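Here the structure comes first, spelled out in structure tokens, and everything after it is commentary.
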Amino acid sequence: MSFARFQIRKHKVLHQMIDGEVVIINLDTGNYYSLRGTGAALWSAVEHGAAIREIVGALARKYQAAADVLERSVADFVEQLQREGLIEACGDGSDLEELPPAAEETSPGRPVAFEPPTLEKYEDMQDLILLDPVHEVDEEKGWPYAKRPGKPDPKP
Numbered sequence: 142m143s144f145a146r147f148q149i150r151k152h153k154v155l156h157q158m159i160d161g162e163v164v165i166i167n168l169d170t171g172n173y174y175s176l177r178g179t180g181a182a183l184w185s186a187v188e189h190g191a192a193i194r195e196i197v198g199a200l201a202r203k204y205q206a207a208a209d210v211l212e213r214s215v216a217d218f219v220e221q222l223q224r225e226g227l228i229e230a231c232g233d234g235s236d237l238e239e240l241p242p243a244a245e246e247t248s249p250g251r252p253v254a255f256e257p258p259t260l261e262k263y264e265d266m267q268d269l270i271l272l273d274p275v276h277e278v279d280e281e282k283g284w285p286y287a288k289r290p291g292k293p294d295p296k297p
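Our numbering numbers the first residue of the sequence shown as 142 and each following residue consecutively.
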């Protein structure tokens, strides 16, 4: 997996960095997520097309942790992002030589203690997000159009 490269699922996932926190919305599930610290740094690296090996290298320069701890944390986090449908594999990363500067943030001075990335998941607004008229438009029925299980479709 060290050479694997991933990309954000552009048409299914919205994301925005706000004051160091990444807020992510999965349009397929209605779940939204929050990333801070190392999670936000990892998301930024994935957004810029970095391979896993570049991400681990950037973290090794910034944080104080053993290489195997960094590799396992990154691999576990990437797997979690994939399970949630937020990212997808897009290549083996062999064509990249270094992490893009925008994705690599270094801190002056000595490295800081590493904290494994955490993906905070929220499901409390699923119904509202899934109802969003931008994504649930039906030319015959209009919008917003909420699909209700077990009930007939409303007539136009």
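No residue lacks a Cβ here, since even glycine has one placed at the ideal position from N, Cα and C.
Given the structure is predicted, the values throughout are model-derived calculations rather than measurements.
For Leu272, the three-state secondary structure derived from DSSP is helix. Contact check for Leu176 against Lys153 fails: the beta carbons are separated by 7 angstroms or more. The DSSP-derived three-state label of Arg146 is strand. If you keep only unbroken alpha helix (DSSP H) runs of at least 4 residues inside the stretch 189 to 213, you get 193 to 203. Between Thr179 and Glu256, the C-beta gap is smaller than 7 angstroms, which places the two residues in contact.
Classified as buried, Leu211 has 16 or more neighbouring CB atoms from the shown chains inside 10 Å of its CB. The beta carbons of Ile228 and Arg150 sit about 6 angstroms from each other, so the pair counts as a contact at 8 angstroms. Taking the Cα positions, Asp217 is about 12 angstroms away from Glu225. Under the DSSP assignment, Leu260 falls outside any beta strand (DSSP E); it carries neither an H nor an E label. In the assembly as shown, Ala230 is an exposed residue. Its beta-carbon has fewer than 16 other beta-carbons within 10 Å. With contacts defined as CB atoms closer than 7 angstroms, Ala145 and Ile196 fail to qualify as a contacting pair.
DSSP places Gly232 inside the beta strand (DSSP E), whose first and last residues are Ile228 to Gly232.
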